[in-house]
Structure formats: C-alpha cells, structure tokens
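Peer 1: Numbering-wise (my numbering), the sequence shown opens with residue 5 and increments by one.
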Amino acid sequence: TTIQDAIDDADNGDTIVVHPGHYNESLVIKKSVQLYGRGWKSTVIDGGARRVILIGSENVTIKNFTIRNMATTCEVIRAEGCDNLTIENNLITSEGRNIGMNIIHSHNAYLYHNTIKHEMDDWLAEGIALGFSENCKLHHNTIGKAITGIDVDRSKNASIYGNTVNHSHVGIWVMSEKNRIICNNIWSCATCGIKLMRDGNIVERNDVRGSSGCGIHVQGSSGNIIDANNFIDNVKNAYVNGCGTIPPVNWWRRNYWSDHHCSLPKIIPGRMEYAYRRYIPWANVDWHPAPAPYE
5 TTIQDAIDDA DNGDTIVVHP GHYNESLVIK KSVQLYGRGW KSTVIDGGAR RVILIGSENV
65 TIKNFTIRNM ATTCEVIRAE GCDNLTIENN LITSEGRNIG MNIIHSHNAY LYHNTIKHEM
125 DDWLAEGIAL GFSENCKLHH NTIGKAITGI DVDRSKNASI YGNTVNHSHV GIWVMSEKNR
185 IICNNIWSCA TCGIKLMRDG NIVERNDVRG SSGCGIHVQG SSGNIIDANN FIDNVKNAYV
245 NGCGTIPPVN WWRRNYWSDH HCSLPKIIPG RMEYAYRRYI PWANVDWHPA PAPYE
C-alpha cells in the first residue's frame, strides 16, 4: 500500500498515519486529510525528479516527515487554493535549485517548525514562497542556503516570527503590505538580511548580522516601522532608496547599530532616483538608537 492509495481511499476529515519507511512517491492531495508521519527521521517521502507533494484542498495537514526530491524545475511542496493548511515539523530538502514550499492563494496557512535546506553545495531558489495569501503564520522555521529564505509577495497580514535564515542571498524579502516580521535570526546573507519593497510593515526584535551587503534594505516604500532590532556587523547595516516624486519615509526607533557608538541619532543613508539614472542623497533617521544589543 502506498501513501497515495491511502489518500485516495480516505474521506474528507480523515487522519492518515504513515509508518516509518522510505516512500518513493509523488503525492497529490485533493481531499481535506491530515497526513502524519511517525517522525521526520524515520518517515521519508522521496519524489525523485518530481514534485513531492501537490496540495489542492482546504484543511490539509502535513506533519512529521522528511520530504525531499532531486528536481531542478519544480517545488518540493506546492499548495494552491488551500485555506487552513498546516505544514509542521518536517525536514524539507532538495538537490535542485527550486522552492522548498510554494504557497499560493492559501489563506490562514500555518507553517511551523520546518527545516528547509539544499542537500548539495548549491542554493535553493526560495525556502518558503508565500503569494496572494492572507493571515498566514510562518513561525520557527529554519532555512539555509537559499537565494531567498522567505519570500512574501502580494500577501497581507502574514506573521513571520522566530525563524532562522542563514547563508542565503536574501534572508526575508517582503513585497507586500501590512506584514509583521518579528524575532527572526538572520545571519551571513550575501545580499541583505531583510528587504522591504512595500508599505506599512512592522519589523521588530530581529537579529540581523554578518551580511555581506545590507542588514536591512528598504526600497521604494514608506510607513514601515523598524523597531528594537539588532543590526550587527553587516557591511552596511541599513540602506534606504526610492524613486519618483514621493520620498520614502519610515519610522526607525530603538534599534541597535554596531557601527553607531554614541547617543546621537543614527542616520540611515540612501538616495532618491528622481529621473532615469539621476539621483539625489536621501536618508531616514533612528532618533533614539539603543545603546546595547538586545538579547
């Protein structure tokens, strides 16, 4: 009996418990089922060169598996139109440059305590990609070696909390309004730790350190609150830039800056593009920087 056979035989609302073993399958889930492994160390779903799990139903849970593939052009997990989705406590790996979890048009998704990484000396395209979704929670995930660790695009009211992203190009990239990026640990990223490209987000109590580019880059957006974060030993701790006639104005307060050693306000440098390839200097200000890093 395969896992797919059990899914096909199940009714909406059923729970399927998968015993320890190595399952060479590519799953399609179009029912509201809960899929539980006996533990991610012992229960492995291997999609080979294919996508491992395709989800197309509401109220689905995937928990306690190792989920992996070798595909180069598709996701490990894809969910589309899957409200109330839960993906929890899984190890998600790939040998290809693809996406760990791609969550699209899926409101109230809960992505908790997953580890996502590339198995070889290469990069995932994205650890978690969230698009066109609202009220989702991405909590306590660990992501390593991705071009983008967490990518939030055209999604609102996401809670991105307590995640660890390391050795990626961009740690967390937000191209959406009104999201909360709180208490994440982001270190050793090549381009930047956090990148904001939309208005009205809250960035609070994150620890961003050791980036080869920026700790945080705010691009073409205003009304973001950047509060009580650590920005430590990044080549540039912060940078802001905009274009057009409306300058980017954001609220920076009580952040700790490893390159700022006095009680005076911290200047966040940047520039405005007012015409094609024509720039003027611009800056935001943290008026009350923290004197010591937060624990």
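C-beta: ideal position from N, C-alpha, C; glycine also.
Going by CA-CA distance only, name the one from PHE235, PHE69 and VAL56 that's closest to ASN106.
Peer 2: In the sequence shown, counting from the first residue as 1, residue 106 sits at position 102. Comparing Cα positions, the closest option is VAL56.
Peer 1: Could you tell me whether the Cβ atoms of ILE7 and ALA14 are closer together than 8 Å?
Peer 2: Sequence index remark: in the sequence shown, residue 7 carries index 3 (1-based). Sequence index remark: in the sequence shown, residue 14 carries index 10 (1-based). Contact: no.
Peer 1: Rounding to the nearest angstrom, what Cα-Cα distance links ASP290 and LYS141 in this structure?
Peer 2: Taking the sequence shown and counting its residues from 1, the one referred to as residue 290 is at position 286. Taking the sequence shown and counting its residues from 1, the one referred to as residue 141 is at position 137. About 29 Å.
Peer 1: For HIS26, which beta-bridge partners are listed by DSSP?
Peer 2: Against the sequence shown, residue 26 aligns to sequence position 22. Note: HIS26 sits in a beta bridge opposite VAL48.
Peer 1: Between which two residues does the alpha helix (DSSP H) containing ASP13 stretch?
Peer 2: Locating residue 13 in the sequence shown gives position 9, counting from the first residue. 7–13 is the span of the alpha helix (DSSP H), which, as asked, contains ASP13.
Peer 1: Taking Cβ to Cβ, would you say ASN145 is nearer than 8 Å to LYS160?
Peer 2: Here residue 145 corresponds to residue number 141 of the sequence shown, with the count starting at 1. Here residue 160 corresponds to residue number 156 of the sequence shown, with the count starting at 1. The answer is no: Cβ separation not under 8 Å.
Peer 1: Can you give me the C-alpha to C-alpha distance between GLY131 and ASN102, rounded to a whole angstrom?
Peer 2: Within the sequence shown, the letter at position 127 stands for residue 131. Within the sequence shown, the letter at position 98 stands for residue 102. Using only the alpha carbons, I get a separation of about 9 Å.
Peer 1: By DSSP, does LEU95 sit in helix, in strand, or in coil?
Peer 2: Taking the first residue of the sequence shown as 1, we reach residue 95 at position 91. Three-state result, LEU95: strand.
Peer 1: Quick one: is ILE186 buried, meaning 16 or more other Cβ sit within 10 Å of its Cβ, or exposed?
Peer 2: The residue given as residue 186 occupies position 182 in the sequence shown. Burial call: buried.
Peer 1: DSSP state of MET201, grouped into three classes?
Peer 2: Start at 1 with the first residue of the sequence shown, and residue 201 comes out as number 197. Note: MET201 maps to coil in three-state DSSP.
Peer 1: Exposed or buried, ASP125, counting other C-beta atoms within 10 Å across all chains shown (16 or more means buried)?
Peer 2: The residue you call residue 125 lines up with position 121 of the sequence shown. With fewer than 16 other Cβ atoms within 10 Å, it is exposed.
Peer 1: For ILE284, is the classification buried or exposed, using 16 other Cβ atoms within 10 angstroms of its Cβ as the cut-off for buried?
Peer 2: Reading the sequence shown from its first residue, position 280 is the one you call residue 284. So ILE284 ends up on the exposed side.
Peer 1: What's the C-alpha gap between GLU84 and GLY43?
Peer 2: Residue mapping note: residue 84 aligns to position 80 of the sequence shown, counting from 1. Residue mapping note: residue 43 aligns to position 39 of the sequence shown, counting from 1. Taking the straight line from one Cα to the other gives about 26 Å.
Peer 1: Could you tell me which residues DSSP puts in a beta bridge with ALA150?
Peer 2: Indexing the sequence shown from 1 puts residue 150 at position 146. BP columns for ALA150 point to LEU128.
Peer 1: According to the Cβ coordinates, are GLY227 and ASN254 closer than 8 Å?
Peer 2: Taking the sequence shown and counting its residues from 1, the one referred to as residue 227 is at position 223. Taking the sequence shown and counting its residues from 1, the one referred to as residue 254 is at position 250. In this structure, ASN254 lies closer than 8 Å to GLY227 by Cβ.
Peer 1: Which residue comes first and which comes last in the beta strand (DSSP E) that contains GLY217?
Peer 2: Locating residue 217 in the sequence shown gives position 213, where the first residue counts as 1. Premise fails: GLY217 is in no beta strand (DSSP E) and is neither H nor E.
Peer 1: Would you kindly report the start and end of the unbroken beta strand (DSSP E) that includes GLU277?
Peer 2: Reading the sequence shown from its first residue, position 273 is the one you call residue 277. Counting along the chain, the beta strand (DSSP E) containing GLU277 begins and ends at 270–279.
Peer 1: Name the DSSP beta bridge partners of GLU181, please?
Peer 2: As a working note, residue 181 is residue 177 in the sequence shown. According to DSSP, GLU181 bridges with nothing at all.
Peer 1: Could you pull the DSSP bridge partners for LYS141 from this structure?
Peer 2: Here residue 141 is taken as the residue at index 137 of the sequence shown, counted from 1. LYS141 is bridged to TYR114 and SER163.
Peer 1: How about the stretch 31–39 and the stretch 111–122: do they share at least three Cβ pairs that are nearer than 8 Å?
Peer 2: No: the two stretches stay apart, fewer than three of their Cβ pairs being nearer than 8 Å.
Peer 1: Out of curiosity, what's the CA-to-CA distance linking ASN88 and ASN63?
Peer 2: On the sequence shown, residue 88 is found 84 positions in, with the first residue counted as 1. On the sequence shown, residue 63 is found 59 positions in, with the first residue counted as 1. Computed Cα separation, rounded: 5 Å.
Peer 1: Going by the DSSP bridge assignment, what does GLY135 pair with across the sheet?
Peer 2: Mapped onto the sequence shown, residue 135 falls at position 131. For GLY135, which the question treats as bridged, DSSP gives the partners ILE108 and ASP157.
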